[in-house]
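Participant:
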Amino acid sequence: MPNKPSLAPGQKGSGGVRLAAMLWLATAGAHAADEIPTAKFTDITKEAGITFVQNNGAYGDKLLPESMGGGVAFLDYDNDGHQDLLFINSTYWPGHIPDGKSATTMALYHNDGHGHFTDVTKDSGLDVSFYGTGVAVGDYDNDGLPDVFITAVGGNRLFHNEGHGKFRDVTREAGIGASTNDWSMGAAFIDYDNDGKLDLFVCNYVQWSPEIDRAKSYELPNIGRAYGPPRNFAGTFPRLYHNDGHGHFTDVSAKAGVQVKDPATGLPMAKSLAVAPVDVDNDGWIDLVVANDTVPNFLFHNEHDGTFKEIGARSGVAYDAYGLVRGAMGIDSARFRNDGTLGIAIGNYANEMNALYVAQRDSLLFADEATREGVGLASQKLLKFGLFFFDYDLDGRLDVLTANGHLEPEINRVQSNQQYRQPAQLFWNSGGSRGANFMPVPPEKCGTDLFKPIVGRGAAFADIDGDGDLDVVLTQIAGPPLLLRNDQNLHHHWIRLKLVGTKSNRDAIGAWIKVRVGGHTLSRQVMPTRSYLSQSELPVTIGLGEATQPDAVEILWPGGSTQKINPPAIDRLTVITEAP
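Going by this note's numbering, the first residue of the sequence shown is number 219, and it counts up by one from there.
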C-alpha cells in the first residue's frame, strides 16, 4: 500500500452520507482510512449570503433541457482580488409561467474577501431572462476585465465587462450568438492560434426542440413520461469562433475541422457536454478533449495552422476499455502524478465508472486506468456531472471531486439502487506509485456537509476567503447550490500565482506553471474551464506540503516562451507579468 510522504521534511443528509460511506468501504480494500488527512468542508451557503435557487422551468412535460443545466463560475469581475460568483439560470418555458411568478435570471454575487457574498445582479446587465445552461469566462479584448459568455437553449449570449459592475450584451455585434436552434452546453475561451487573443469553443448537445422532444414520447415503467436519453435525438456540431480583434468573432468551425460527421450516415456526430482544453503533446499549441454523451469522445489535435484533426479513437479516449461509448458528462485534465504524465478524467453516467485516461510513452496515446488508480469502481453507481482536479489539502498532489445526481426525479421506482439526489464524491491522491493513487474519502475525514444529497450538476473551486485553501461550490437542478468552505488545518504551505500575459492573452489561459519542490515537479495549467458547464478561478494555487519554499518556478506561456522566476513568497498571492 502506498505511503503518502510530505513533499519535503519539516447531521446533514444522513442517507447520502451512508451511501458515501458504503461506496468507500466497498472499495477501500487494504487502504487504511487513517492515511487520509482530516480536512473538513463546511456548508456556508446561507451564512455566506447565497440565496440563489436554480429554476429549470419544469411543468410536467419532461423536456430534456430541464434535467441538464446548472453552470456556475468563480470570477473576479471587479478586479478587487476576491473571487465572486455567477450562477447560471434557466427560466420558465413560454406559456408556463406560474401565477405570481416572473421570469428568472442568472445571479451575480460580490465577494467581500472574507467569503460573504452580496447579490449585485440588479442593474448589472446580467439581470436578463433566457434559458441559460453553462458559462465561460475570459478577457477576450485584453482590457483587464473578465467577460462572460453564457450558453443556452435557443441562442447564446456574450456580455462585455464595462467595469464598475456593469456588463453589456454584445452578442449581435460580436457575431457570436449562433443559431437559435442550438442547444449549447460547455464552452471555453482559448487561444488556439497563439495570436494573443482568446477564441471561443462551444459544445452543442443534440438537435432539440419542444416539438421534437414531445414527439419522442419516451416513457419508463411505473413513471410514464420521462426525460428521454440522448440516443433519441440527432447529433450536432460544436462551434469554434476565431477572435478577429476589435470585439468581433468569426465562426470557423467548418474550416477548422471540428465538425465531425458519423461515417455511416454522414450526419453530425457530436453530443457534446463539456470540453477540456489542454496541450496534450507539449508542442505549445492547445488541443481540445470533448466529452460526448453516448457517442465517442473527441480529441481535437491542434495542427498549428488554424485547423484540428480529430484523433479520439486513435488516441484511446473515445471509448471505454471494451470499445463501448459511455454517457460522458464533466471533464478535466491534469498532470496528477507530478511526473509530467497527463491524465484526462471524465464523469460518466450512472452504472458507468469514471474514466481516467492516462498518457502512455506516446503522449498522444492514452489508456483508461480509472480502476487501477482508484477512481473507477468506487464511482460506478453514481451519475457523475461536475468533475475537477484540485489539491484540497495543499499537500502538492491533485485530488478529484465529483458532483452527482440523477436525471429522473422518480428513478428509484425503476431502479431500486438509484436515487435522484446523490452525494458528492471526493478522492484523495495518496501519491502512490503507478497505481492506487486515489482513495475515496469517507465522511469522518471531511465532514458530512460535502455529502449532502443533491441533484448535482455544476462544480467549481476557488479560495473565497483568502486563507489559501480551495473552497467548493456545487449546483443542483431546481434547488439551491452548496457553497462549501474548506476548513482544513494541516499547516501545509502554498503559493498562489496570477499570471498576466503581454504577448500572450492577458489572462494567460493555457499557460503552464512548473514548480520544483522536494524532488518533484508540480505542473499546473492556467485554465478556468473545468468540470461541467462551469469555470473555476483564474489564479493558480499550488500546495507545497511541509516545504517552506519551492526550489524553482518556471512559466511556460502560451506560444512557447519560457520564463524562470525567483521562488515567490509562500502563503500569499504573487502576480507574474509576462516578460517582454
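Heads up, the beta-carbon is just placed ideally off N, CA and C, and yes, glycines get one too.
Tell me the rounded alpha-carbon separation between residue 581 and residue 740.
Facilitator: Reading the sequence shown from its first residue, position 363 is the one you call residue 581. Reading the sequence shown from its first residue, position 522 is the one you call residue 740. One C-alpha to the other measures close to 18 Å.
Participant: At which residues does the beta strand (DSSP E) containing residue 490 begin and terminate?
Facilitator: As a first step, residue 490 must be located in the sequence shown, where it is residue number 272. It spans 490 to 496 - the beta strand (DSSP E) in which residue 490 sits, taken as one unbroken run.
Participant: For a test of the three-state rule: what should DSSP assign to residue 658, helix, strand or coil?
Facilitator: Taking the first residue of the sequence shown as position 1, residue 658 is located at position 440. Of the three classes helix, strand and coil, the one that applies to residue 658 here is strand, per DSSP.
Participant: Taking residue 257 as part of the alpha helix (DSSP H), name the residues at either end of that continuous run.
Facilitator: Position 39 of the sequence shown, counted from the start, is the residue given in the question as residue 257. Element bounds for residue 257: n/a, residue is neither H nor E.
Participant: Output needed for residue 527: all residues of its chain with C-beta closer than 8 Å, excluding positions within five of it in sequence on either side, in chain order.
Facilitator: Translated into positions along the sequence shown, residue 527 becomes position 309. Around residue 527: 475, 518, 519, 521.
Participant: Nearest to residue 734 by alpha carbon, out of 516, 687, 769?
Facilitator: Locating residue 734 in the sequence shown gives position 516, where the first residue counts as 1. The residue with the shortest Cα to Cα distance from residue 734 is 769.
Participant: Can you look up residue 450 in the DSSP assignment and give me helix, strand or coil?
Facilitator: On the sequence shown, position 232 is the one that residue 450 refers to. Correct three-state label for residue 450: helix.
Participant: Using CA coordinates, which residue listed in 458, 386, 681, 401 is at the minimum distance from residue 610?
Facilitator: As a first step, residue 610 is located in the sequence shown; it is residue number 392 there, counting from the start. Considering only alpha carbons, the answer is 681.
Participant: Rounded to the nearest angstrom, what separates residue 470 and residue 723 at their Cα positions?
Facilitator: Position 252 of the sequence shown holds residue 470. Position 505 of the sequence shown holds residue 723. When rounded, the distance between both Cα atoms is 20 Å.
Participant: I'd like the list of long-range same chain contacts for residue 344, defined as Cβ closer than 6 Å, with 5 residues on each side in sequence excluded.
Facilitator: Position 126 of the sequence shown, counted from the start, is the residue given in the question as residue 344. Result list for residue 344: 324, 326, 385, in chain order.
Participant: Could you tell me the alpha carbon to alpha carbon distance between residue 374 and residue 755, rounded to whole angstroms?
Facilitator: For this step, residue 374 is matched to residue 156 along the sequence shown. For this step, residue 755 is matched to residue 537 along the sequence shown. Their backbone Cα atoms lie some 22 Å apart in a straight line.
Participant: Could you give the residue range of the beta strand (DSSP E) that holds residue 602?
Facilitator: Here residue 602 refers to the residue found at position 384 when the sequence shown is read from its first residue. Where residue 602 is concerned, the enclosing beta strand (DSSP E) stretches over 602 to 608.
Participant: So, with DSSP's three-state summary, where would you put residue 266?
Facilitator: Mapped onto the sequence shown, residue 266 falls at position 48. Residue 266: coil per DSSP, three-state reduction.
Participant: At the level of alpha carbons, what is the spacing between residue 796 and residue 729?
Facilitator: Numbered from its first residue, the sequence shown carries residue 796 at position 578. Numbered from its first residue, the sequence shown carries residue 729 at position 511. Cα to Cα, the separation comes out at about 11 Å.
Participant: On the criterion of 16 or more Cβ atoms from any shown chain inside 10 Å, does residue 353 qualify as buried, or is it exposed?
Facilitator: Your numbering for residue 353 matches position 135 in the sequence shown. Under this definition residue 353 is a buried residue.
Participant: Using C-beta distances below 8 Å, list every residue in its chain close to residue 244, excluding the 5 sequence neighbours before and after it, in chain order.
Facilitator: The residue you call residue 244 lines up with position 26 of the sequence shown. Note that residue 244 has pLDDT 42, beneath the 50 cutoff, so the model's placement of it is unreliable and no number is given.
Participant: When the Cα atoms are used, what is the spatial distance from residue 429 to residue 489?
Facilitator: In the sequence shown, residue 429 corresponds to position 211, counting from 1. In the sequence shown, residue 489 corresponds to position 271, counting from 1. Rounded to the nearest angstrom, the two C-alpha atoms are 19 Å apart.
Participant: Please go through the same chain and pick out, in chain order, the residues whose beta-carbon is closer than 6 Å to the beta-carbon of residue 659, but skip the five residues on each side of it.
Facilitator: Residue numbering aside, residue 659 sits at position 441 when the sequence shown is read from its first letter. Answer for residue 659: 254, 644, 646, listed in chain order.
Participant: Less than 7 Å between C-beta atoms, sequence neighbours within five positions excluded: which residues of the same chain meet that for residue 500?
Facilitator: Counting from one through the sequence shown, the residue named residue 500 turns up at place 282. Contacts found: 581.
Participant: Do the stretch 697 to 715 and the stretch 355 to 368 make contact, defined as three or more Cβ pairs closer than 8 Å?
Facilitator: Touching, no.
Participant: What residues in its chain sit with their C-beta under 7 Å from that of residue 793, if we drop five residues either side in the sequence?
Facilitator: Mapped onto the sequence shown, residue 793 falls at position 575. Here the set comprises 716, 718.
Participant: What number of angstroms, rounded off, separates the C-alpha of residue 555 from the C-alpha of residue 615?
Facilitator: Working through the sequence shown from its first residue, we reach residue 555 at position 337. Working through the sequence shown from its first residue, we reach residue 615 at position 397. Those two C-alpha atoms are separated by around 7 Å.
Participant: To which residues does DSSP link residue 772 through a beta bridge?
Facilitator: In the sequence shown, counting from the first residue as 1, residue 772 sits at position 554. Per DSSP, 732, 782.
Participant: Can you have a look at residue 460 and say buried or exposed, based on whether 16 or more other CB atoms are within 10 angstroms of its CB?
Facilitator: Here residue 460 refers to the residue found at position 242 when the sequence shown is read from its first residue. Under this definition residue 460 is a buried residue.
Participant: With C-beta atoms as the reference, is residue 703 less than 8 Å away from residue 751?
Facilitator: Reading the sequence shown from its first residue, position 485 is the one you call residue 703. Reading the sequence shown from its first residue, position 533 is the one you call residue 751. No.
Participant: Span of the beta strand (DSSP E) holding residue 337?
Facilitator: Numbered from 1 along the sequence shown, position 119 holds the residue referred to as residue 337. Unbroken beta strand (DSSP E) run through residue 337: 335 to 337.
Participant: Measure the CB-CB distance between residue 417 and residue 423 and report whether it falls below 8 Å.
Facilitator: Taking the first residue of the sequence shown as position 1, residue 417 is located at position 199. Taking the first residue of the sequence shown as position 1, residue 423 is located at position 205. No, the Cβ-Cβ distance between residue 417 and residue 423 is not below 8 Å.
Participant: Relative to the C-alpha of residue 391, which candidate in 401, 399, 377, 398 has its C-alpha closest?
Facilitator: Here residue 391 is taken as the residue at index 173 of the sequence shown, counted from 1. Comparing Cα-Cα distances from residue 391 to each of 401, 399, 377, 398, the minimum goes to 377.
Participant: In whole angstroms, what separates the C-alpha of residue 545 from that of residue 287?
Facilitator: Your numbering for residue 545 matches position 327 in the sequence shown. Your numbering for residue 287 matches position 69 in the sequence shown. Distance between the alpha carbons of residue 545 and residue 287 is about 16 Å.
Participant: Can you tell which of 607, 394, 540, 300 has its C-alpha closest to the C-alpha of residue 563?
Facilitator: Here residue 563 refers to the residue found at position 345 when the sequence shown is read from its first residue. The candidate whose alpha carbon is nearest that of residue 563 is 607.
Participant: Can you give the Cα-Cα distance for residue 747 and residue 277, rounded to whole angstroms?
Facilitator: The residue labelled residue 747 in the question sits at position 529 within the sequence shown. The residue labelled residue 277 in the question sits at position 59 within the sequence shown. Cα-Cα distance, rounded: 32 Å.
Participant: So, with DSSP's three-state summary, where would you put residue 404?
Facilitator: On the sequence shown, residue 404 is found 186 positions in, with the first residue counted as 1. If DSSP states are grouped into helix, strand and coil, residue 404 belongs with the strands.
Participant: Between the stretch 762 to 778 and the stretch 505 to 518, do at least 3 Cβ pairs fall closer than 8 Å?
Facilitator: With the cut-off at 8 Å, the stretch 762 to 778 and the stretch 505 to 518 do not touch.
Participant: Among residues of its own chain, excluding the 5 on either side of residue 273, which ones have a beta-carbon nearer than 8 Å to its beta-carbon?
Facilitator: Here residue 273 is taken as the residue at index 55 of the sequence shown, counted from 1. Closer than 8 Å at the Cβ level, and outside the excluded window around residue 273, lie 307, 308, 309, 310, 322, 696.
Participant: Closest by CA to residue 406, which one among 491, 381, 575?
Facilitator: Here residue 406 corresponds to residue number 188 of the sequence shown, with the count starting at 1. Nearest option by C-alpha distance: 491.
Participant: From residue 348 to residue 477, what does the alpha carbon distance come to, in whole angstroms?
Facilitator: Walking along the sequence shown from the start, residue 348 turns up at place 130. Walking along the sequence shown from the start, residue 477 turns up at place 259. So the two alpha carbons sit approximately 27 Å from each other.
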